[in-house]
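Chains as they are written, first to last, in the numbering used here: chain C, 38 to 248; chain L, 38 to 248. All C-beta atoms, glycine included, are put in the ideal place defined by N, C-alpha and C. Here's the structure, in structure tokens; my notes come after.
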DNA sequence: CTAACGTTTGTCCAATCGGTCAAAAATTTG
DNA sequence: CAAATTTTTGACCGATTGGACAAACGTTAG
């Protein structure tokens, strides 16, 4: 008789299969949205039958929930790293770079998150108003300190963070549009380096010509 | 006798009911996505029965298509207005302002568009690679002219346009997150003015402190 | 071996989906 | 008025959906 524990005890096969399902679900959910995705699609992408998938996750929503929980931590990691020590301008620049790298390397995660927010964040609203807000407020205070010390120009730290999120995630969420507009020549792999160069200049000096 | 139009001749009732349906569909599609929305939802929001709705639009996709066609024109209008005459910096500033106003006044349109792009733009890909790319290329040339004339700093015009789209539309597409992070105090109606102030400064001067 | 347990599958179900259709109701036309 | 046309509705259909379930299969410990 196996003793029951509070946290679910899992066999090796369960661990592996659950990972397989989550990987497949990330692919499917991020391109079709939650309601636009079917269990069959996920099961096929994971290489198993639907009832078999439902053996590991009893409901479609459970998969999505597990995915979102993991996602948030990964997603906020770069902001957590924003540190008070070190040169402010350098800190911000590397935050932007890290976020852009995430857009390049984890576009599915970005789209999954965007999908959730777009539809009103029904499943993660508490996290936004709780954990996320706390973190952003904390980092906004750090940035405010830099402004008071004259290390960076005075602006609204919250909107500064928003603008970094927006500009970097754009290259994941709107990738199709970016590539379509840049065309076959400039829409290749180099687009992220071009974006990095542009964003660095934008956030550093803006557009006003130096005379 | 009412004046005839070139293609589909429509009665007064048809015109009105089609408008009613499109308005309802905009609401439903923009919050649930295409596959996440049902004809019944749209019909209910429009105050009519499903078969009655299908009398005006034979397929669910027809509604979405009509919506997207209209949307794109409205959506690109601000960029079309970006004009070669007038002070470059002023032109860019008012483009940003207009885009931000659209995010404030037409968030549903923005979300509908974002939903479509997020899912790979299956229905408007030709428009992106055609009409949109042409327009952006054209405006990018204008901006390049400004750069050559030393009116604004030299950067990548395409990524500049992307960054304007990203930062402004963020306030429509990610509105839930923005309000959650700003909290009850700063997340009210003033958030768009704060955003306008911040974006103006960002695009003008960047973050480097003026010494 | 066998018993126990973990895993997989085929079958099935109720609900919902997009869409059809004929007939009723309302409106317009002569 | 009545006839013709447009609009609305209830009933219905096949396909797909999320999910249940028991039986079969595989694996391992004694």
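On the criterion of 16 or more Cβ atoms from any shown chain inside 10 Å, does residue i qualify as buried, or is it exposed?
i, result
"residue 122 of chain L", "exposed"
"residue 54 of chain C", "buried"
"residue 125 of chain L", "buried"
"residue 110 of chain L", "exposed"
"residue 159 of chain L", "exposed"
"residue 228 of chain L", "buried"
"residue 127 of chain L", "exposed"
"residue 50 of chain L", "exposed"
"residue 93 of chain L", "buried"
"residue 217 of chain C", "buried"
"residue 194 of chain L", "buried"
Less than 8 Å separating the beta-carbons of residue i and residue j?
i, j, result
"residue 220 of chain C", "residue 170 of chain L", "yes"
"residue 2 of chain L", "residue 237 of chain L", "A question about residue 2 of chain L goes unanswered here, because the residues of chain L that appear run from 38 up to 248."
"residue 62 of chain C", "residue 119 of chain C", "no"
"residue 232 of chain C", "residue 116 of chain C", "no"
"residue 66 of chain L", "residue 149 of chain L", "yes"
"residue 209 of chain L", "residue 140 of chain L", "yes"
"residue 215 of chain C", "residue 225 of chain C", "no"
"residue 166 of chain L", "residue 206 of chain L", "no"
"residue 178 of chain L", "residue 198 of chain L", "no"
"residue 269 of chain C", "residue 70 of chain L", "This structure cannot speak to residue 269 of chain C, because chain C is shown only from 38 to 248."
"residue 72 of chain L", "residue 73 of chain C", "yes"
"residue 143 of chain L", "residue 244 of chain C", "no"
"residue 204 of chain C", "residue 200 of chain L", "yes"
"residue 242 of chain L", "residue 190 of chain C", "yes"
"residue 154 of chain L", "residue 100 of chain L", "no"
"residue 9 of chain L", "residue 91 of chain L", "What the structure shows of chain L is the stretch from 38 to 248, and residue 9 of chain L is not part of that stretch, so it cannot be assessed."
"residue 235 of chain C", "residue 192 of chain L", "yes"
"residue 182 of chain L", "residue 246 of chain C", "no"
At the 8 Å Cβ level, is residue i part of the contact set with chain C, yes or no?
i, result
"residue 148 of chain L", "yes"
"residue 238 of chain L", "yes"
"residue 40 of chain L", "With a pLDDT of only 32 at residue 40 of chain L, under the threshold of 50, the placement of this residue in the model should not be trusted, and no figure is reported."
"residue 124 of chain L", "no"
"residue 57 of chain L", "no"
"residue 142 of chain L", "no"
"residue 200 of chain L", "yes"
"residue 137 of chain L", "no"
"residue 232 of chain L", "yes"
"residue 127 of chain L", "no"
Using a Cβ-Cβ distance under 8 Å, would residue i count as near chain L?
i, result
"residue 44 of chain C", "Confidence at residue 44 of chain C is low in this model, with a pLDDT of 49, below 50, so its placement is unreliable and the value that follows should be read with caution. Not closer than 8 Å to any Cβ of chain L, the Cβ of residue 44 of chain C fails to qualify, so no."
"residue 251 of chain C", "Here chain C comprises residues numbered 38 to 248, so residue 251 of chain C is not present and cannot be evaluated."
"residue 82 of chain C", "no"
"residue 48 of chain C", "no"
In chain order, which beta strand (DSSP E) runs of at least 3 residues are fully inside the segment 143 to 223 of chain C?
None, since the segment 143 to 223 of chain C contains no complete beta strand (DSSP E) of that length.
Along the segment 89 to 116 of chain L, where does the CB come closer than 8 Å to a CB of chain C? Name the residues.
Taking 8 Å as the Cβ-Cβ cut-off against chain C, none of the residues of the segment 89 to 116 of chain L qualify.
Between the segment 171 to 182 of chain L and chain C, which residues of the former have a C-beta closer than 7 Å to a C-beta of the latter?
173
In the segment 62 to 80 of chain C, which residues sit with their C-beta less than 9 Å from some C-beta in chain L, listed in chain order?
67, 68, 69, 70, 71, 72, 73, 74
At a CB distance below 8 Å, what residues from the segment 151 to 173 of chain L approach chain C? Give them in sequence order.
151, 152, 154, 155, 156, 157, 158, 162, 165, 166, 169, 170, 173
If the cut-off is 8 Å on Cβ atoms, which residues from the segment 211 to 230 of chain C count as contacting chain L, listed in chain order?
211, 213, 214, 215, 217, 218, 219, 220, 223
Closer than 9 Å, Cβ to any Cβ of chain C: which residues of the segment 184 to 200 of chain L, in chain order?
184, 187, 188, 189, 190, 191, 192, 193, 195, 196, 197, 198, 199, 200
Taking only runs of the alpha helix (DSSP H) that begin and end inside the segment 42 to 87 of chain C, which ones reach a length of at least 4 residues, in chain order?
49 to 69, 76 to 83
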